[in-house]
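K.L.:
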Amino acid sequence: DTWGGMLSGQLYKDFELPYVQKIFKEVDLPSIYYLKNAHHLLPSMVKVRADFLSVCQTIDLADEPLLVKSGKGIQGNLFNALLYKDFDDLEKETLRVLKAAQRYKKFIFNLSHGIFPDIDPAKLRFIADIAHQFPRHKR
736 DTWGGMLSGQ LYKDFELPYV QKIFKEVDLP SIYYLKNAHH LLPSMVKVRA
786 DFLSVCQTID LADEPLLVKS GKGIQGNLFN ALLYKDFDDL EKETLRVLKA
836 AQRYKKFIFN LSHGIFPDID PAKLRFIADI AHQFPRHKR
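Residue numbers for the sequence shown follow the numbering used here, beginning at 736 and rising by one.
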């Protein structure tokens with residue numbers, strides 16, 4: 736939901752959360768719930784019955800106890816504008832997201848909200864290779 740984060744906590748609880756909960760209650764498939772710019776809505780977001788919660792780059796995966804406590808899988812996003820950085824900086828940022836994600840039992844690495852048309856495709860391959868080579872969780 737790319738617009739839900741624009742709502743206040745109360746408006747989200749009153750006008751969106753009941754419908755989102757109904758959708759995920761009815762869906763009998765693996766599911767991911769994405770809510771953009773929603774740090775202020777995390778207490779409500781974790782109540783949704785989706786298998787995974789997808790968060791935008793504004794949420795720090797290394798420091799979000801509500802997400803850990805939820806027990807859900809997490810999809811975390813590398814900010815797409817970082818693709819304009821040089822390869823060294825891009826590697827550092829990609830590894831930062833992956834290291835932060837080690838605290839979650841299930842994690843999907845994701846690039847946030849699309850790719851700009853002038854991005855060098857080699858950078859996409861570069862971050863994909865880093866993600867695929869990154870060590871699995873240590874539990």
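Every residue, glycine too, gets a C-beta built ideally from N, C-alpha and C.
If you're wondering where the values come from, they're calculated on a predicted model, not measured in any experiment.
For Q810, count neighbouring C-beta atoms within 10 Å of its own C-beta (all shown protein chains included) and say buried if the count is 16 or more, exposed if not.
P.N.:
Counting Cβ neighbours within 10 Å, Q810 comes out buried, since at least 16 surround it.
K.L.:
State the Cα-Cα distance for the pair Y875 and E751, rounded to the nearest angstrom.
P.N.:
Summary: the structure shown does not reach residue 875, with the chain confined to residues 736 through 874, and so no result is reported for it.
K.L.:
Provide the residue span of the alpha helix (DSSP H) that contains F861, from first to last.
P.N.:
Start and end: P856 to Q868.
K.L.:
Q837 by DSSP, collapsed to three states: which one?
P.N.:
Correct three-state label for Q837: coil.
K.L.:
Ignore the nearest five residues each way along the sequence and tell me which others in V781's own chain have a CB closer than 6 angstroms to its CB.
P.N.:
Answer for V781: L801 and S805, listed in chain order.
K.L.:
Tell me, which residues are paired with A808 by DSSP?
P.N.:
According to the sequence displayed, residue 808 carries Gly and not Ala. Note: G808 sits in a beta bridge opposite F787.
K.L.:
From H774, R784 and H775, pick the residue whose C-alpha is nearest to that of D763; which is it?
P.N.:
Per the Cα distances, R784.
K.L.:
Could you work out which residue in K807, D821 and L830 is closest to F869 when comparing CA atoms only?
P.N.:
F869 has its Cα closest to that of L830, out of K807, D821 and L830.
K.L.:
Is F814 helix, strand or coil when you go by DSSP?
P.N.:
Looking at F814 - three-state DSSP - the assignment turns out to be coil, as it is neither helix nor strand.
K.L.:
When the distance is taken between beta carbons, is S789 closer than 9 angstroms to N812?
P.N.:
Against a cut-off of 9 angstroms, the Cβ pair of S789 and N812 comes out as a contact.
K.L.:
So who's on the other strand from I843, going by DSSP bridges?
P.N.:
Answer is Q810.
K.L.:
Kindly indicate which three-state DSSP category L764 falls into: helix, strand or coil?
P.N.:
Looking at L764 - three-state DSSP - the assignment turns out to be coil, as it is neither helix nor strand.
K.L.:
In the DSSP assignment, what are the bridge partners of Y769?
P.N.:
S789.
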